[in-house]
Amino acid sequence: MIKLVLPPTPLASNLTSTLVVQVASKAVDSKLSLERGDRGELYASIDVDVNEFAEILRQVLDELKPVGVSGRLPLVPGRGPGTDGRTISSLLGRQISLRAEKRVEIFEGLANIVKSRGAGVVSELSSLLVDVGRDGVYKLCLGGCDHLVPVVVKSDAFYEIGRFGGASDRRRSGQPKFGRVEYRASTSYTALLYALVLALQSGYESGTNSYMFTSMQLEPGTITSPQAAVASQLYKRLSENIRRVGLQVWSQDYEGLRLAALLWLVAGYHKMLRESLAYGYPENLAFNLTVMSATGNRFYTLWSTSISFAETDASLRALETLAEELEADVYKVANYAAILIASTLKLCSGQTGGSVNDLWQGVKMLAYALLTGSKHMIFDTLYRLLRLLDDPHTGLQSSLTNAVLSTANTIGVRIDDVLPEGGEEKDRGRAVWRALKKLVESLIM
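Count along the sequence shown from 1, add 1, and you get the number used in our numbering.
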C-alpha cells in the first residue's frame, strides 16, 4: 500500500485529487482511502505497491497530455524571483518560452521529471512540512522545499493561510516582516503541480484574463476502483465539453455553466450508471469548476463551485421520474438541455437586448425544472419560450437554431442523437411533452 499527501490548499488539492482518482481507477481490485490531517491536508492510501503505482502514474500522465487544450497558459512569465518562468526553467534546466503553443512541450518535459523518479517518486509525494518560523514566515513544503509552487497555486493558498487569523503587517513599503507565506515543494512534486495546471486548464477568457480549471474534489472516505473508473469517465467527458464550448461563452453567466455541467453529469451518469455502480456512488467525491483571474503577478478566485455525486444522483432521479411519465429518453433530454444552455449563452455573448436576456432566463428556468422534475414549471416556461421564439420581431428562432447546431458540432455530437423523443402522450404529461416537442421542432425546422 502507498500513502500520498494531498496539499492543504483548495486548487492544489483538487488538481492532485484528479490525478489520484485516475490512478485508483486503473488499480484493479483496489480501494482508495482518504483521511484528513491536522493541517487540513488529505492522506490518500491506495492498495498498490510502489512499482505498480509508478507504472500507473506514468500511464495517467501520458493520458493527461493537454492535446487540444488552447488559450494562454495560467503562468507568470519572466525570469525574476517568484515567476513561473524562472521556476520552470530551473526544473527543465533550460530557458523556455511560456507561449500557448508550447503547452504540450512544457508538459512533457515536466511529466518526464516525475516519470524519471520511478518508484522513488512515492517518497516525495508522501511528506508534508508545515512550520511558522521566528521570522513570521509560514512555510509549507510538499515533499521538500526545493522549488516554489506555481504562482496560481500559491495565490489560491493566500486566501486560506496568508492572514494568520487576521494578523497583518502595516508597513507602507518593503517586504512585510510577518504574515508571509512560503509555499514550496520537492522537484518531483513541483513538476507534477505544474504539469497538472497545464493539463487541467479547461478555458481562458482574454477580456478578463481569466482561467478555468475542471477537476475532482475529494473528502475523507473510501472509493472503490470501479467507482473511480466511473468518476474518471464522467470527468473526462465533462471537461471536454466545457473546454470545447469555451470560457468566453460560460462567462456570460456562471450559473449556466453549473447547470450545463450538472445536466452533462446526469446524462453520463444515467448512461453508465447502475451496472457500474452496483455498490453505490462515491459520496466523498465531487466535480469542481474554478475560474481564476490574473492581475499582475497574482491570481484570485473569481468563481468556484462543486457538484457532488449525491446532487447528480438526486437530479437524475427527478429527471427519470419525469421522463418515465412522458416516455422520454433521459440521456437525450439532459444532453439537449445542456446544449440549449450553451447555445443561448453563445447568443448572449454576441447580442444584447431584452429579448436575448428573456430567452436566457427562460432556458435557465427550463433547466431547473428538468432537474427538479417540476412539470408545472416546464409547461409554464416552455409556453413563454415558444411565444418569444415565435415572435418574428426578435429573430431569435433562426439565431438559436444556428447556435444549437453549432454547439452540437463543437462538442462532437450529432444533433439527431440528442433530440428528445416523446412516446404516447397522456393527460397532464401530454400537454407538457407536446410543448417540449414543439420547442424542439421549432429549433430544427
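The C-beta atom is built at its ideal place from N, Cα and C for all residues, glycine as well.
Determine which residues share a DSSP beta bridge with residue i and list them.
i	result
residue 132	140
residue 380	Answer by DSSP bridge pairing: none, since residue 380 is not bridged.
residue 33	47 and 224
residue 206	211
residue 271	BP columns for residue 271 are empty, so no partner.
residue 344	DSSP lists no partner for residue 344.
residue 253	The partner list for residue 253 (beta bridge, DSSP) is empty, contrary to what the question assumes.
residue 216	289
residue 149	185
Looking at the structure shown, is residue i part of a helix, part of a strand, or coil, going by DSSP?
i	result
residue 181	strand
residue 66	coil
residue 258	helix
residue 60	helix
residue 394	coil
residue 99	coil
residue 239	helix
residue 5	strand
residue 23	helix
residue 18	helix
residue 423	With a pLDDT of 45 at residue 423, under the threshold of 50, the modelled position of that residue is not reliable, and no figure is offered here.
residue 186	strand
residue 234	helix
residue 401	helix
residue 407	helix
Let's test the definition: count the other Cβ atoms within 10 Å of the Cβ of residue i and tell me whether it reaches 16, buried, or not, exposed.
i	result
residue 393	exposed
residue 399	exposed
residue 349	buried
residue 155	buried
residue 19	buried
residue 357	buried
residue 301	exposed
residue 213	buried
residue 417	exposed
residue 281	exposed
residue 354	exposed
residue 6	buried
residue 330	buried
residue 39	exposed
residue 204	buried
residue 4	exposed
residue 424	With a pLDDT of 44 at residue 424, under the threshold of 50, the predicted position of this residue should be treated as unreliable, though the coordinate-derived value follows. Per the 10 Å Cβ criterion, exposed.
residue 167	Caution is warranted here: a pLDDT of 47 is assigned to residue 167, below 50, making its placement in the model unreliable, and the coordinate value is therefore given only provisionally. Flag for residue 167 reads exposed.
Over the uninterrupted alpha helix (DSSP H) stretch that includes residue i, give me the two end residues.
i	result
residue 114	104–117
residue 287	Here residue 287 belongs to no alpha helix (DSSP H); instead the beta strand (DSSP E) covers 286–296.
residue 145	That residue, residue 145, is in no alpha helix (DSSP H); it is neither H nor E in DSSP.
residue 87	85–93
residue 360	355–373
residue 124	122–125
When you measure from the CB of residue i to every non-hydrogen atom of the ligand NAD, does any distance come out below 7 Å?
i	result
residue 258	In the structure on display, the ligand NAD does not appear, and there are no ligands present to speak of.
Considering just the uninterrupted stretch of the beta strand (DSSP E) at residue i, what are its terminal residues?
i	result
residue 299	299–309
Contact between the region 65–81 and the region 117–137: three or more CB pairs below 8 Å? no
Tell me, please, whether the region 402–410 touches the region 343–360 by the rule of three or more beta-carbon pairs shorter than 8 Å. yes
Are at least three pairs of beta-carbons, each pair with one atom in the region 368–376 and one in the region 289–308, less than 8 Å apart? no
Counting pairs of beta carbons, one from the region 324–342 and one from the region 258–276, are three or more of them closer than 8 Å? yes
Answer yes if the region 70–90 comes into contact with the region 40–49, meaning at least three C-beta pairs across the two stretches below 8 Å, and no otherwise. Two segments are said to touch when three or more pairs of C-beta atoms, one from each, lie closer than 8 Å; by this definition the region 40–49 does not touch the region 70–90.
If we count Cβ pairs, one from each stretch, closer than 8 Å, do we get three or more for the region 24–34 versus the region 214–225? yes
Does the region 137–154 come close enough to the region 186–195 to have 3 or more Cβ pairs within less than 8 Å? With a cut-off of 8 Å on Cβ pairs, the region 137–154 is in contact with the region 186–195, counting three or more such pairs.
The region 206–221 contacting the region 116–127, beta-carbon criterion three pairs below 8 Å: no
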